[in-house]
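Student: Just passing along the structure, written as structure tokens.
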Amino acid sequence: MHTLGEIATFIDAELHGDSSLKISSLAQCGDAGKGQLTYIASSKYKKDLLKSAASAVILSKDLLADCPTNALVVEDVYLAFAKISHYFKIKSALGSVHPSAVIETSAIGKNATIGANVVIGKDCKIGADVIIGANVTILQGCEVGNNCIIAAGVVIGSEGFGNALDKDKHWHSIAHLGNVVIGADVNIGANTVIDRGTLTDTQIASGVHLDNLVHIAHNVVIGADTAIAAGVTVGGSAILGKRCQVGGGAVIASHIHLADDTIITGSSTVDKHLCAGHYTGFTSISGHSDWKRNQMWLIKLDKIAHYLNIKLKHLKGR
Amino acid sequence: MHTLGEIATFIDAELHGDSSLKISSLAQCGDAGKGQLTYIASSKYKKDLLKSAASAVILSKDLLADCPTNALVVEDVYLAFAKISHYFKIKSALGSVHPSAVIETSAIGKNATIGANVVIGKDCKIGADVIIGANVTILQGCEVGNNCIIAAGVVIGSEGFGNALDKDKHWHSIAHLGNVVIGADVNIGANTVIDRGTLTDTQIASGVHLDNLVHIAHNVVIGADTAIAAGVTVGGSAILGKRCQVGGGAVIASHIHLADDTIITGSSTVDKHLCAGHYTGFTSISGHSDWKRNQMWLIKLDKIAHYLNIKLKHLKGR
Amino acid sequence: MHTLGEIATFIDAELHGDSSLKISSLAQCGDAGKGQLTYIASSKYKKDLLKSAASAVILSKDLLADCPTNALVVEDVYLAFAKISHYFKIKSALGSVHPSAVIETSAIGKNATIGANVVIGKDCKIGADVIIGANVTILQGCEVGNNCIIAAGVVIGSEGFGNALDKDKHWHSIAHLGNVVIGADVNIGANTVIDRGTLTDTQIASGVHLDNLVHIAHNVVIGADTAIAAGVTVGGSAILGKRCQVGGGAVIASHIHLADDTIITGSSTVDKHLCAGHYTGFTSISGHSDWKRNQMWLIKLDKIAHYLNIKLKHLKGR
Numbered sequence: 461m462h463t464l465g466e467i468a469t470f471i472d473a474e475l476h477g478d479s480s481l482k483i484s485s486l487a488q489c490g491d492a493g494k495g496q497l498t499y500i501a502s503s504k505y506k507k508d509l510l511k512s513a514a515s516a517v518i519l520s521k522d523l524l525a526d527c528p529t530n531a532l533v534v535e536d537v538y539l540a541f542a543k544i545s546h547y548f549k550i551k552s553a554l555g556s557v558h559p560s561a562v563i564e565t566s567a568i569g570k571n572a573t574i575g576a577n578v579v580i581g582k583d584c585k586i587g588a589d590v591i592i593g594a595n596v597t598i599l600q601g602c603e604v605g606n607n608c609i610i611a612a613g614v615v616i617g618s619e620g621f622g623n624a625l626d627k628d629k630h631w632h633s634i635a636h637l638g639n640v641v642i643g644a645d646v647n648i649g650a651n652t653v654i655d656r657g658t659l660t661d662t663q664i665a666s667g668v669h670l671d672n673l674v675h676i677a678h679n680v681v682i683g684a685d686t687a688i689a690a691g692v693t694v695g696g697s698a699i700l701g702k703r704c705q706v707g708g709g710a711v712i713a714s715h716i717h718l719a720d721d722t723i724i725t726g727s728s729t730v731d732k733h734l735c736a737g738h739y740t741g742f743t744s745i746s747g748h749s750d751w752k753r754n755q756m757w758l759i760k761l762d763k764i765a766h767y768l769n770i771k772l773k774h775l776k777g778r
Numbered sequence: 461m462h463t464l465g466e467i468a469t470f471i472d473a474e475l476h477g478d479s480s481l482k483i484s485s486l487a488q489c490g491d492a493g494k495g496q497l498t499y500i501a502s503s504k505y506k507k508d509l510l511k512s513a514a515s516a517v518i519l520s521k522d523l524l525a526d527c528p529t530n531a532l533v534v535e536d537v538y539l540a541f542a543k544i545s546h547y548f549k550i551k552s553a554l555g556s557v558h559p560s561a562v563i564e565t566s567a568i569g570k571n572a573t574i575g576a577n578v579v580i581g582k583d584c585k586i587g588a589d590v591i592i593g594a595n596v597t598i599l600q601g602c603e604v605g606n607n608c609i610i611a612a613g614v615v616i617g618s619e620g621f622g623n624a625l626d627k628d629k630h631w632h633s634i635a636h637l638g639n640v641v642i643g644a645d646v647n648i649g650a651n652t653v654i655d656r657g658t659l660t661d662t663q664i665a666s667g668v669h670l671d672n673l674v675h676i677a678h679n680v681v682i683g684a685d686t687a688i689a690a691g692v693t694v695g696g697s698a699i700l701g702k703r704c705q706v707g708g709g710a711v712i713a714s715h716i717h718l719a720d721d722t723i724i725t726g727s728s729t730v731d732k733h734l735c736a737g738h739y740t741g742f743t744s745i746s747g748h749s750d751w752k753r754n755q756m757w758l759i760k761l762d763k764i765a766h767y768l769n770i771k772l773k774h775l776k777g778r
Numbered sequence: 461m462h463t464l465g466e467i468a469t470f471i472d473a474e475l476h477g478d479s480s481l482k483i484s485s486l487a488q489c490g491d492a493g494k495g496q497l498t499y500i501a502s503s504k505y506k507k508d509l510l511k512s513a514a515s516a517v518i519l520s521k522d523l524l525a526d527c528p529t530n531a532l533v534v535e536d537v538y539l540a541f542a543k544i545s546h547y548f549k550i551k552s553a554l555g556s557v558h559p560s561a562v563i564e565t566s567a568i569g570k571n572a573t574i575g576a577n578v579v580i581g582k583d584c585k586i587g588a589d590v591i592i593g594a595n596v597t598i599l600q601g602c603e604v605g606n607n608c609i610i611a612a613g614v615v616i617g618s619e620g621f622g623n624a625l626d627k628d629k630h631w632h633s634i635a636h637l638g639n640v641v642i643g644a645d646v647n648i649g650a651n652t653v654i655d656r657g658t659l660t661d662t663q664i665a666s667g668v669h670l671d672n673l674v675h676i677a678h679n680v681v682i683g684a685d686t687a688i689a690a691g692v693t694v695g696g697s698a699i700l701g702k703r704c705q706v707g708g709g710a711v712i713a714s715h716i717h718l719a720d721d722t723i724i725t726g727s728s729t730v731d732k733h734l735c736a737g738h739y740t741g742f743t744s745i746s747g748h749s750d751w752k753r754n755q756m757w758l759i760k761l762d763k764i765a766h767y768l769n770i771k772l773k774h775l776k777g778r
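Protein chains in written order, with the working numbering: chain A, 461 to 778; chain B, 461 to 778; chain C, 461 to 778.
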């Protein structure tokens, strides 16, 4: 149990109300009751605030007058909520290596937590305060920076999918001689896979957040503070800049470059290099029979243009 | 070995033929031989039926006259086949916890089967008759109802991908304080991941079937008897109704609501709320050079409409 | 350390220069320095060749005159590079079964390497010289041919996603009685899943290469030397021919047939049977607001055709 005063200090909030109030847990505004702290991230939810039964609310200055209970005023409500959420998390035993983990001669940093059935190969470097979930595999020579959190089932350092065809059309895999080098403060979601580089290293810079079931191919370079949502496939040698955001289920083709601050809507296919900006590429959903009728014409657009005698040079406008 | 009589009783079929016949195994109609049982799910396959060498056939009443051998007449052939298939499955040792499993102080139900190298965190509740495959990870506080089957490599209760940006564009992850609560009779496919909720629980209702490599994000609620095929990405806080069917490789954006009985064709992107019905959204495949020519115009549709002076209000028809 | 002479022999190259030169490692042309071997796969990179500081270069005959250092002339540079890369790979202990692996009564071939925390069910057959990474699960009765390499976290032999609906709209899973049969020289990427067949076997022919996070459903048949990149979803009973290439993130619908030598661009949805050729089907990425404007018309193409009085029979041209 934390007092409201402690919480205010932790999130650097201006406290309006009873600093000795004991807060038992966090809850959504509509669900929150006695002893609970909630947050209002936007004035859209003002109505919820007015009738909230929470004992305290994190909010911005402009909503203070409408707050029926104790208030913690901050500049960025969502960020404050993110920070305080960790206060209420029951942590499993940290700083220990589970006896079932199989670790070859690797350097494990101070206070690192290695979960059950984790397998770490030779010559890896695992930073301080790293948390590695159960059933993770980290292969030979890979590096994980300080404060990283690696969720269950992740594989780091698998062989890249580089193959050469011989005359008989048989594939010869390339041995990937690079490693995976991961900076500090990186989060990696469950069952995500990061391949090692061919001759250089696959690089995940500090502050990167990867969601579940993401594929990062060989030689990929991801800039600092980039976030990639679940189910994204990043092809070999793609280079993503800093502070990019890639939505769930997107596919980034091999060798593509994304500039710093590029935003890709989920489910899009990135088939060209992109400058900073917000990009999208997928087919919006519609009723199945409508879709079928529209697809019939979509695969004939070039013929339609020909029939209507439309030339690219004709097309101006927006 | 089961007799045809026993099988008829099990699937509630009307037996036409020798009830003492011994059935050794199941087979496709075209492959089946002596001692084997097959099924004909549709009159389309009548030709196969006529020349089948199977010793017995599950079929519907209308095909009985064409059956050259012993027949089991049922109302729903495919369902009867599904039921009888389990009769012929060699089950590994059930009702036991593999000694290599790592289980913290969790409640494991009667007759539950826990596979090798499974890791179960603190305070989980695993129901009766649950079967958990090898290398599964279930994190602290999650609940799995009776009769669930969880395939190898699944992760349940991983942290959600909720992150707040600070002024310096660094991400701060939110600690996810909710759990995952899974009802009874749920099947979860291999290497699928289900994230825990932020403040409330991620909920998978009874009778849900999830295929392999599915991502279920934080706070998602999936209604009873919904089926989701492989490789689907379901974004955070999405709510899927009862009896929905989502095809393989589809992407459901965050915060989307699907009504009960919504069907999504595989590979579609669901970018809006949907009422009951059948919906689709992807680009049909075509020859690469045709695709290229059509895409050239697709990304100019708005300009074409402008050039042709087409207004939305002009468009009627079907 | 290998001498250039040894390397030339191994890749069957014509050596121009000092056969006793010691090569310490491989590097990209631009990065390579003293003691390093590089390669030039195309005359596009001639400029890099001219200023390379590498001690030796693998190249084709036409670039020999431009080579400033020792040269290894081969017919297929990329293939030669693929072969020699394995020379420089530090192999972990091969030919051993890790003591943490859980293996039921299965036949393990000569010189097979089984990684930590691998789980292999009853009656499996694992070929000679197979390498199985950590945390892999292979279920009862599955077969893996000689020389296969299976990366960490793979699941082979999980139940297929075949389900029958009853009158109350509850799903009844079908017990999958077939196995997975994998030929020789197959590579399977990390966290990929291959389901067992329903009544027959799921079949992966010799020489197939699968990347990470691929889903291969029940009853799928994949022909020899086909390569499938990461994140691909292959639906139930799909049949892929020999020497097909499927790009990352593609979706192949259930029951689809791909002829030998079919190439699918990454991210495409294969919703029809295809003859040999190169096929594509996705929406190219564009700026978000452009995409939005074009989508507005895309979902009205049929109405536009109607408004413009375009008939399918009108459309000729290319």
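Backbone N, C-alpha and C fix where the C-beta goes; we use that ideal spot for every residue, glycine too.
Look at the alpha carbon of glycine 643(C) and the alpha carbon of histidine 546(C), and state the distance between them as a whole number of angstroms.
Tutor: If you take the alpha carbons of glycine 643(C) and histidine 546(C), they lie about 22 Å apart.
Student: Look at the alpha carbon of threonine 529(B) and the alpha carbon of glycine 477(B), and state the distance between them as a whole number of angstroms.
Tutor: Cα to Cα, the separation comes out at about 8 Å.
Student: Looking only at DSSP bridge pairs, what is histidine 669(A) linked to?
Tutor: BP columns for histidine 669(A) point to Asn647(A), Ala687(A).
Student: Using a threshold of 8 Å, state whether the C-beta atoms of asparagine 623(B) and glycine 649(B) are closer than that.
Tutor: No, these two residues do not count as a Cβ contact at 8 Å.
Student: Using three-state DSSP, classify glutamine 488(B) as helix, strand or coil.
Tutor: Correct three-state label for glutamine 488(B): coil.
Student: To which residues of the same chain is isoleucine 563(A) closer than 6 Å at the C-beta, ignoring the five residues directly before and after it?
Tutor: Excluding positions up to five away in sequence, the list reads Ile580.
Student: Taking the beta carbon of alanine 635(C) as the centre, do at least 16 other beta carbons fall within 10 Å, making it buried, or is it exposed?
Tutor: When all chains shown are included, alanine 635(C) counts as buried.
Student: In the DSSP output, which residue or residues are listed as bridge partners for valine 615(B)?
Tutor: According to DSSP, valine 615(B) bridges with Thr597(B), Val653(B).
Student: Can you find a C-beta in chain A that's less than 8 Å from the C-beta of threonine 597(C)?
Tutor: For threonine 597(C), the answer is no, since every Cβ of chain A falls outside 8 Å of its Cβ.
Student: According to DSSP, is asparagine 639(B) part of a helix, a strand, or is it coil?
Tutor: Coil at asparagine 639(B), not helix or strand.
Student: Provide the residue span of the beta strand (DSSP E) that contains tyrosine 547(C), from first to last.
Tutor: No beta strand (DSSP E) holds tyrosine 547(C); DSSP gives it neither H nor E.
Student: Looking at chain C, which residues of the segment 690 to 720 of chain A have a Cβ within less than 7 Å of any of its Cβ atoms?
Tutor: So the close ones are Thr693, Gly695, Val711, Ala713.
Student: Please confirm if glycine 667(B) has its CB atom under 8 Å from at least one CB of chain C.
Tutor: It does; some Cβ of chain C falls within 8 Å.
Student: Using CA coordinates, which residue listed in Ile471(B), Leu775(B), Ile544(B), Ile764(B) is at the minimum distance from asparagine 769(C)?
Tutor: Nearest option by C-alpha distance: Leu775(B).
Student: Is lysine 482(C) helix, strand or coil by DSSP?
Tutor: Three-state DSSP puts lysine 482(C) in a strand.
Student: Would alanine 689(C) and glycine 707(C) be called neighbours here (beta carbons separated by less than 8 Å)?
Tutor: Yes, Cβ-Cβ distance for alanine 689(C) and glycine 707(C) is below 8 Å.
Student: Give a yes or no on contact between the segment 590 to 600 of chain C and the segment 500 to 511 of chain B, applying the rule of three or more CB pairs nearer than 8 Å.
Tutor: The answer is no - the segment 500 to 511 of chain B does not touch the segment 590 to 600 of chain C, with fewer than three Cβ pairs under 8 Å.
Student: Tell me the DSSP bridge mates of glutamine 663(C)?
Tutor: For glutamine 663(C), which the question treats as bridged, DSSP gives the partners Val641(C), Val681(C).
Student: I'd like the ranges of any alpha helix (DSSP H) spanning at least 4 consecutive residues and lying wholly in the segment 695 to 731 of chain B.
Tutor: As far as the segment 695 to 731 of chain B is concerned, it has no whole alpha helix (DSSP H) run of at least 4 residues.
Student: When you compare each of Asp721(B), Arg703(B), Ile699(B) to histidine 715(B) by their alpha carbons, which one comes out closest?
Tutor: Residue Ile699(B) is the option with its Cα nearest to histidine 715(B).
Student: Taking one C-beta from the segment 657 to 672 of chain A and one from the segment 662 to 671 of chain B each time, how about it: are there three or more such pairs within less than 8 Å?
Tutor: Flag = no, the segment 657 to 672 of chain A and the segment 662 to 671 of chain B do not touch.
Student: Determine, for histidine 558(C), whether the minimum Cβ-Cβ distance to residues of chain B falls below 8 Å.
Tutor: It does not: the Cβ of histidine 558(C) has no partner Cβ on chain B nearer than 8 Å.
Student: Counting beta carbon pairs with one atom in the segment 554 to 573 of chain C and one in the segment 517 to 531 of chain C, are three or more of them shorter than 8 Å?
Tutor: These segments do not touch.
Student: For a cutoff of 8 Å on Cβ pairs, would you count glutamate 619(C) as touching chain B?
Tutor: True, the Cβ-Cβ gap to chain B drops below 8 Å.
Student: Hey, does phenylalanine 548(B) have any beta-carbon neighbour from chain C nearer than 8 Å?
Tutor: Yes, phenylalanine 548(B) counts as interfacial toward chain C.
Student: If leucine 486(A) and phenylalanine 548(A) are in contact, beta carbons under 8 Å, what's the gap, nearest whole angstrom?
Tutor: With 8 Å as the limit, leucine 486(A) and phenylalanine 548(A) qualify as a contact, their Cβ atoms being about 6 Å apart.
Student: Would you call the segment 734 to 741 of chain A and the segment 752 to 768 of chain A touching, i.e. three or more CB-CB distances under 8 Å?
Tutor: Cβ pair count under 8 Å is below three, so no.
Student: If you check the beta carbons only, do valine 615(A) and asparagine 577(C) fall under 8 Å apart?
Tutor: Not a contact, by the Cβ cut-off of 8 Å.
Student: From the DSSP output, in three-state form, read off threonine 469(C) for me.
Tutor: Here threonine 469(C) sits in helix by DSSP.
Student: Roughly how many whole angstroms lie between the Cα atoms of threonine 743(A) and phenylalanine 621(B)?
Tutor: Distance between the alpha carbons of threonine 743(A) and phenylalanine 621(B) is about 25 Å.
Student: Flag lysine 771(A) as yes if its beta-carbon sits less than 8 Å from any beta-carbon of chain C, otherwise no.
Tutor: No, because no Cβ of chain C sits closer than 8 Å to the Cβ of lysine 771(A).
Student: Check whether the Cβ atoms of glycine 695(A) and glycine 726(C) sit closer than 8 Å, and answer yes or no.
Tutor: In this structure, glycine 726(C) lies closer than 8 Å to glycine 695(A) by Cβ.
Student: For asparagine 530(B), which residues does DSSP report across the bridge?
Tutor: For asparagine 530(B), which the question treats as bridged, DSSP gives the partners Ala516(B).
Student: Applying a beta-carbon distance threshold of less than 8 Å, which residues of chain C neighbour tyrosine 538(B)?
Tutor: Within chain C, the residues near tyrosine 538(B) are Ala624.
Student: The alpha helix (DSSP H) that contains asparagine 754(B), what's its start and end?
Tutor: It spans 748 to 758 - the alpha helix (DSSP H) in which asparagine 754(B) sits, taken as one unbroken run.
Student: Taking the DSSP output, what are the residues bridged to serine 633(A)?
Tutor: The partner list for serine 633(A) (beta bridge, DSSP) reads Asn623(A).
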